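Numbering (our numbering), first residue to last: 1 to 146.
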Amino acid sequence: MPSSREEFWNNDTFVVIGDSASGRAFPKLAYGGLKDLGKTVYAVDPAGGSVEGDSVYEQLDAVPGTVDAAVIEVPKDQTATWVGRVADAGIENVWLHQQTDTPEALALAKERGLRTEHGTCAVMYVKPGFNGHAFHRWIMKLTGKY
């Protein structure tokens with residue numbers, strides 16, 4: 001039986017949210033992994049630009065159509081704000097990337113009724129097979145935390 005973390009990736013349409021202006025690189029591994037899985041994925045970064053040749057939306061409300069799930073990988077001081085924006089956009093599933101969750105963001109997600117995953121690296125799930133995250137995945141499975 002798949003875990004809720006594994007089931008998260010069964011959604012069809014995703015938005016990956018980053019903030020490259022903060023000095024963090026845009027979460028390209030999660031973005032590319034979703035594309036490799038054949039998912040519809042949009043990049044959101046207030047700094048704009050492009051990722052893997054695709055345009056980046058500067059605001060979440062500029063993304064066309066409906067989105068099933070969001071992966072948020074921004075500095076901790078921005079996470080709660082983005083959780084609110086995701087909820088306002090009607091997105092019900094959210095993954096707060098490892099070390100970006102805060103008590104405020106988690107409380108807001110719960111208050112807004114979001115199905116939330118957090119505390120681990122999203123890439124460990126979205127990039128199956130042997131890769132740099134395979135060792136982490138093995139440890140998580142061994143300890144029953146996958």
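Virtual Cβ for every residue (Gly too), placed ideally from N, Cα, C. In this text, all values refer to a predicted model and were calculated from it rather than measured experimentally.
In this structure, does DSSP put Thr81 in helix, strand or coil? helix
The beta strand (DSSP E) that contains Gly18, what's its start and end? 13–18
Quick one: Cα of Leu29 to Cα of Ala109, how far? 24 Å
How close, in whole Å, do the beta carbons of Ala107 and Ile91 come, if the pair is a contact with beta carbons under 8 Å? The pair is not a contact, with the Cβ atoms about 18 Å apart (cut-off 8 Å).
If we cut at 7 Å on Cβ distances, does Ala105 have a partner in chain B? Absence of chain B from the displayed structure is noted, only one protein chain being present.
Nearest-angstrom Cα separation, counted from Ala43 out to Ser50: Using only the alpha carbons, I get a separation of about 8 Å.
Can you have a look at Pro103 and say buried or exposed, based on whether 16 or more other CB atoms are within 10 angstroms of its CB? exposed
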